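**Student:** Numbering (the working numbering), first residue to last: 237 to 565.
No residue lacks a Cβ here, since even glycine has one placed at the ideal position from N, Cα and C.
Predicted model only: the values in this text are computed from it and were never measured.
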Ligand SMILES: Nc1ncnc2c1ncn2[C@@H]1O[C@H](COP(=O)(O)OP(=O)(O)OP(=O)(O)O)[C@@H](O)[C@H]1O
Ligand SMILES: [Mg+2]
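#1: Once the 5 residues before and after residue 563 are set aside, which same chain residues still bring their CB inside 6 Å of it?
#2: Specify the secondary structure class of residue 427 as computed by DSSP and reduced to three states.
#3: Near residue 323, what residues of its chain come up, given a Cβ to Cβ distance below 6 Å and the 5 sequence neighbours on each side ignored?
#4: So, do the segment 424-440 and the segment 352-368 have three or more beta carbon pairs nearer to each other than 8 Å?
#5: What are the boundary residues of the alpha helix (DSSP H) that includes residue 315?
#6: Measuring alpha carbon to alpha carbon, tell me which residue in 416, 341, 291 and 320 is nearest residue 332.
#7: The beta strand (DSSP E) with residue 271 in it runs from where to where?
#8: When DSSP builds the beta bridges, which residues end up paired with residue 397?
#9: With respect to the beta strand (DSSP E) encompassing residue 543, which residues constitute its N-terminal and C-terminal limits?
#10: Any idea what DSSP makes of residue 563, helix, strand or coil?
#11: Looking at the structure shown, is residue 434 part of a helix, part of a strand, or coil, going by DSSP?
#12: Hey, how far is the Cα of residue 565 from the Cα of residue 548?
#13: I'd like the span of the beta strand (DSSP E) that includes residue 514, first residue to last.
#14: How would you label residue 257, buried or exposed, when you count the other beta carbons within 10 angstroms and need 16 or more for buried?
#15: Would residue 337 pass as an interface residue toward chain C - the criterion being a Cβ-Cβ separation below 8 Å?
#16: For residue 334, report the span of its beta strand (DSSP E) as first-last.
#17: Would residue 544 and residue 479 be called neighbours here (beta carbons separated by less than 8 Å)?
#18: Could you pull out every residue in the same chain whose Cβ sits closer than 7 Å to the Cβ of residue 367, ignoring the five residues on either side in sequence?
#19: Would you say the beta carbon of residue 300 is closer than 7 Å to some non-hydrogen atom of ligand 2?
#20: Note down, in chain order, each residue of its chain lying with its Cβ closer than 8 Å to the Cβ of residue 348, except the 5 sequence neighbours on either side.
#21: Taking 8 Å as the threshold (C-beta atoms), are residue 453 and residue 418 in contact?
#22: Quick check on residue 245: buried or exposed, where buried means 16 or more other Cβ atoms within 10 Å of its Cβ?
#23: Counting only the same chain and skipping the five closest in sequence on each side, list residues whose C-beta sits under 6 Å from that of residue 557.
#24: Taking the alpha-carbon positions, what's the residue 351 to residue 427 distance?
#25: Out of 373, 399 and 374, which has the shortest C-alpha to C-alpha gap to residue 344?
#26: Give the DSSP-derived three-state secondary structure of residue 323 in the structure shown.
#27: Taking residue 511 as the reference, which of 495, 272, 450 and 535 has the closest Cα?
#28: Return helix, strand or coil for residue 253, following the three-state DSSP convention.
#29: From residue 487 to residue 471, what does the alpha carbon distance come to, in whole angstroms?
#30: Flag this pair as touching only if the segment 333-343 and the segment 260-279 have three or more C-beta atom pairs under 8 Å; answer yes or no.
#31: CB residue 261 to CB residue 251, shorter than 8 Å?
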């Protein structure tokens with residue numbers, strides 16, 4: 237469904253010195269700086285997959301999605317989406333994909349969302365019966381039926397995002413690119429959008445590629461993640477594998493009958509403690525020994541063993557990669 241081979245994108249930005257002299261100099265000798273946003277990215281996504289595309293700021297996520305949706309040319313490399321080369325922008329291709337950016341909107345600000353939807357109906361040549369059937373399904377799933385005739389500028393951020401999603405799905409695209417669709421939304425709206433996307437992907441088998449800085453989104457929606465770091469894919473697999481591969485530790489939360497003993501720190505890295513409860517970070521292979529030792533030495537009410545939260549795993553991966561490159565390791 238999506239095939240990417242050795243994709244490169246180098247942005248060339250021109251730098252101009254200040255003032256008139258700078259402009260004159262620039263006439264003869266332009267100074268420029270190349271930014272390697274993608275450095276040989278390759279991956280494949282199958283039909284109906286919901287894939288998370290994650291990485292720190294500036295990793296090249298938006299650049300990739302722009303290339304795959306035909307907005308940008310790559311510098312070199314190949315990509316096929318639905319069998320089309322995206323940047324050729326064939327009408328047949330554009331009718332079957334959609335790109336939603338959380339930070340940009342396509343709806344007309346002063347008009348009700350419905351008016352923008354009707355405009356899309358014309359642009360995408362959506363047959364009436366399909367348009368109205370989709371509109372009914374989408375607006376009821378997102379519970380915004382009563383808001384279709386309200387000017388977009390009067391909607392809340394979450395409601396507006398829901399309308400953006402409807403606008404992007406009315407033409408029944410087979411591939412959907414989502415670039416931070418929940419950015420800035422409150423937790424309730426984030427969850428509503430997540431639930432909607434999950435259900436929509438299941439029912440319609442739409443292939444979805446999602447970027448998000450909210451790990452909850454990725455955890456809830458994506459069976460597979462691609463991790464991008466400075467223009468290169470550094471991991472491909474499930475969230476579980478990511479945790480296993482990159483985190484050698486587990487969390488041990490112990491509830492004591494009485495107060496937490498002072499020697500607790502000798503059993504592992506103490507992350508938190510209050511009256512009777514302490515959380516330790518302990519090597520995966522030492523968990524059993526530590527638990528046994530604690531049970532033997534103290535009166536323990538409860539012990540819970542958990543994986544390190546995925547947010548922390550991801551943050552640590554990026555921190556360690558950053559340090560390696562800066563030569564600090
Ligand atoms: N139009 C442009 N001209 C020059 N450089 C650009 C341009 N667009 C992006 N870049 C640079 O390319 C790199 C990748 O940017 P991109 O927007 O793809 O990252 P991202 O992973 O989407 O980051 P974020 O999480 O912040 O959205 C960054 O270093 C960015 O500054
Ligand atoms: Mg981005």
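**Tutor:** According to the structure shown:
#1: Because the pLDDT at residue 563 is just 39, under 50, the model does not fix this residue reliably, and the value given afterwards should be weighed accordingly. Cβ neighbours of residue 563 beyond the five flanking positions: none.
#2: Three-state DSSP puts residue 427 in a helix.
#3: Within its own chain, the residues whose Cβ lies closer than 6 Å to the Cβ of residue 323, once the five positions on either side in sequence are excluded, are 306 and 309, listed in chain order.
#4: With the rule of 3 Cβ pairs closer than 8 Å, the segment 424-440 does not count as touching the segment 352-368.
#5: In the DSSP assignment, residue 315 falls outside any alpha helix (DSSP H) and within the unbroken beta strand (DSSP E) covering 312-317.
#6: Minimum Cα distance to residue 332 is reached at 320.
#7: From DSSP, the beta strand (DSSP E) with residue 271 extends over 267-281.
#8: Its beta-bridge partners do not exist; DSSP assigns none.
#9: DSSP places residue 543 in the uninterrupted beta strand (DSSP E) bounded by 536-543.
#10: Caution applies to residue 563, whose pLDDT of 39 falls short of 50 and renders its modelled position unreliable; the value that the coordinates give is listed next. Under the three-state reduction of DSSP, residue 563 is assigned to coil, being neither helix nor strand.
#11: In the three-state reduction of the DSSP assignment, residue 434 falls in the helix class.
#12: Its pLDDT being 32, under 50, residue 565 is placed unreliably in this model, and the coordinates cannot settle the point.
#13: The continuous beta strand (DSSP E) containing residue 514 extends over residues 513-519.
#14: It counts as exposed.
#15: The structure shown contains no chain C; it holds only a single protein chain.
#16: For residue 334, the enclosing beta strand (DSSP E) starts and ends at 333-337.
#17: Contact check for residue 544 against residue 479 passes: the beta carbons are separated by less than 8 Å.
#18: Once the five neighbours on either side are set aside, the close Cβ partners of residue 367 are 357 and 406.
#19: Flag unset: Cβ of residue 300 not near ligand 2.
#20: Close CB contacts of residue 348 within its chain, under the 8 Å cut and outside five residues either way in sequence, are with 384, 385, 386, 387 and 388 (chain order).
#21: Between residue 418 and residue 453, the CB-CB gap stays under 8 Å.
#22: That one is buried.
#23: Listed in chain order, the non-local C-beta contacts of residue 557 below 6 Å within the same chain comprise 465, local neighbours out to five positions each way being set aside.
#24: If you draw a straight line from the Cα of residue 351 to the Cα of residue 427, it comes to about 27 Å.
#25: Between residue 344 and the set 373, 399 and 374, the nearest pair of CA atoms involves 399.
#26: The answer is helix: DSSP assigns residue 323 an H, G or I state.
#27: Residue 495 is the option with its Cα nearest to residue 511.
#28: DSSP places residue 253 in coil when its eight states are reduced to three.
#29: Straight across, the Cα-Cα distance linking residue 487 with residue 471 is about 23 Å.
#30: Judged by Cβ distances under 8 Å, the segment 333-343 makes no contact with the segment 260-279, as fewer than three pairs qualify.
#31: Here residue 261 is not near residue 251, since their CB atoms are 8 Å or more apart.
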